DNA sequence: TATTTTTATCACCAATTGGTGATATATTGT
DNA sequence: ACAATATATCACCAATTGGTGATAAAAATA
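Chains as they are written, first to last, in the UniProt record's numbering: chain A, 1 to 209; chain B, 1 to 209.
What follows is the structure, given as structure tokens:
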């Protein structure tokens, strides 16, 4: 059971490396073909390994997919910025930065889009866990920062953020799948995206008036 | 070729009725199992007819699904209200009513949710046509009402509406698939939904200040 | 080196899926 | 009643899919 290997030279057969190949294959297929393309045969072929290993290592397709989802660190892109930006403006600048960076991040990260979409279609436990992480992360922000600031209007502000976040999600995904415009705005063009960014800024500002 | 039948008694074999059975089957399966459940065998069995007819009447599964999508009159729920509500307030009350009724309508209409979701996943021509209808419908509103009102800020207002509509879509779909909360709000409860409605009203009001 | 364990492949299975040609049955027109 | 046509069923196929037992090959251990 000694897994230690001092040199960088790895053996030809390596369980951990193989598991990773399967996870990478899931990501690749998800990116190119979407959920419906996630078939065991296809995954195994993409990983360059035998499908039997999926059952040996992950207990089946579902286990593999769950592990892939768990491997996605959903909130890493936010936590970075959050650090110690707790200026005493009721979370205004923080929320604004967070929403704008989300708008950009989700647009660029097709895998994150797929996982978000997945959460609207299936009811996987591992997907629920992701959503739960988001909620817990948000709870800290709301309870510690915005709720005390908005007092009796705290819930309305939460609703505003909910609308903006989910609007951002939808528009980014829509822009990726469709070439069409949305409300006459080209969400793939810099100009169109700037309009959305302006609207986000504007609405946050107005919410603090 | 004489299709006229005076009495209510229909013949056992009726092409139009059979086609409708297939369309109904698609709706039923879409509602219960989602897109991934739309298999020719399953559709035929649900319709109580032979799958061969799907190929005879619709040219295949895709043709049937396209015809189902086309059969969905997406904007009927909006056009009703729109009639002649053109008060000269820059479309404020109209937009507000429209958004609130959408929030309610989409929540109750699971089929509409599925089709919206579909538009985020697949790139079907028939789905594009639906999106196009929405755009054309919106164009009339924007060009005739809000653009003249907001002048140089016209595009920002469009972006605001884009964010709110897509936020409404996402939240309604999310609420249906997940039991979890979003930003700490229970989107299935009357209380939670009222908060969202208040936020929508609030943001529209603020946009017109 | 010989043995044991881990890692990976292979051949094969049953069930599902999309698809079609041959055929049966009902309806219509003569 | 008869033929012609429209409607529907059936049996069957090939390809795909999820899944597994037997086995090979590499690595670790003795």
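The C-beta atom is built at its ideal place from N, Cα and C for all residues, glycine as well. These numbers come from a predicted model, not from an experiment.
Just to confirm, are residue i and residue j a CB contact at a threshold of 7 Å?
{"i": "residue 96/A", "j": "residue 196/A", "result": "no"}
{"i": "residue 18/B", "j": "residue 66/B", "result": "no"}
{"i": "residue 91/A", "j": "residue 145/A", "result": "yes"}
{"i": "residue 185/A", "j": "residue 162/B", "result": "yes"}
{"i": "residue 68/A", "j": "residue 23/A", "result": "yes"}
{"i": "residue 40/A", "j": "residue 52/A", "result": "no"}
{"i": "residue 166/B", "j": "residue 167/A", "result": "yes"}
If you drop the 5 nearest sequence neighbours on each side, which residues of the same chain put their C-beta closer than 7 Å to that of residue i?
{"i": "residue 147/A", "result": "154"}
{"i": "residue 156/A", "result": "none"}
{"i": "residue 113/B", "result": "106, 172, 173 and 176"}
{"i": "residue 42/A", "result": "29"}
How many Å lie between residue i and residue j at the Cα?
{"i": "residue 5/A", "j": "residue 12/A", "result": "Model confidence at residue 5/A stands at a pLDDT of 36, short of 50, so the residue's coordinates are unreliable; what they give is reported in the following sentence. Distance between the alpha carbons of residue 5/A and residue 12/A: 13 Å."}
{"i": "residue 182/A", "j": "residue 176/B", "result": "24 Å"}
{"i": "residue 1/B", "j": "residue 58/B", "result": "Low confidence applies to residue 1/B: its pLDDT is 36, below 50, so where it sits in the model is not reliable, and the reading given next is rough at best. C-alpha separation (whole angstroms): 20 Å."}
{"i": "residue 33/A", "j": "residue 35/B", "result": "15 Å"}
{"i": "residue 94/B", "j": "residue 193/A", "result": "26 Å"}
{"i": "residue 159/A", "j": "residue 121/A", "result": "23 Å"}
{"i": "residue 133/A", "j": "residue 180/B", "result": "11 Å"}
{"i": "residue 178/A", "j": "residue 109/A", "result": "16 Å"}
{"i": "residue 20/A", "j": "residue 118/A", "result": "21 Å"}
{"i": "residue 206/B", "j": "residue 206/A", "result": "6 Å"}
{"i": "residue 98/A", "j": "residue 89/A", "result": "15 Å"}
{"i": "residue 151/A", "j": "residue 70/B", "result": "47 Å"}
{"i": "residue 123/B", "j": "residue 87/A", "result": "44 Å"}
{"i": "residue 16/A", "j": "residue 111/A", "result": "22 Å"}
{"i": "residue 149/A", "j": "residue 47/A", "result": "51 Å"}
{"i": "residue 190/A", "j": "residue 142/B", "result": "21 Å"}
{"i": "residue 128/A", "j": "residue 14/B", "result": "47 Å"}
{"i": "residue 104/A", "j": "residue 104/B", "result": "29 Å"}
Near residue i, what residues of its chain come up, given a Cβ to Cβ distance below 8 Å and the 5 sequence neighbours on each side ignored?
{"i": "residue 116/B", "result": "106, 169 and 173"}
{"i": "residue 38/B", "result": "26, 29, 30, 61 and 65"}
{"i": "residue 100/A", "result": "197, 200 and 201"}
{"i": "residue 49/A", "result": "18, 21 and 22"}
{"i": "residue 188/A", "result": "175 and 179"}
{"i": "residue 78/A", "result": "98, 101, 102 and 137"}
Can you tell me whether residue i sits near the ligand ADP, meaning its C-beta is under 6 Å from at least one heavy atom of the ligand?
{"i": "residue 59/B", "result": "Among the components of this structure there are no ligands whatsoever, and the ligand ADP is therefore not found."}
Quick one: what's got a C-beta closer than 6 Å to residue i's C-beta in the same chain, skipping five residues either side?
{"i": "residue 208/A", "result": "92"}
{"i": "residue 212/A", "result": "Chain A is shown from 1 up to 209; residue 212/A falls before or after that span and cannot be answered."}
{"i": "residue 102/B", "result": "168"}
Of all the residues that make up the stretch 166-196 of chain A, which are near chain B by a beta-carbon distance shorter than 7 Å? 166, 167, 169, 170, 171, 173, 174, 177, 178, 180, 181, 182, 183, 184, 185, 195 and 196
Can you give me, in chain order, the residues of the stretch 136-162 of chain A that have a beta carbon less than 7 Å from any beta carbon in chain B? 138, 139, 142, 155, 156, 158, 159, 160, 161 and 162
Looking at C-beta atoms only, is the number of pairs between the stretch 61-78 of chain A and the stretch 134-148 of chain A that lie closer than 8 Å three or more? Yes: at least three Cβ pairs fall under 8 Å.
Using a beta-carbon distance cut-off of less than 8 Å, what residues from the stretch 109-120 of chain A approach chain B? 117, 119 and 120
Relative to chain B, which residues along the stretch 46-77 of chain A have a C-beta separation below 7 Å, given in chain order? none
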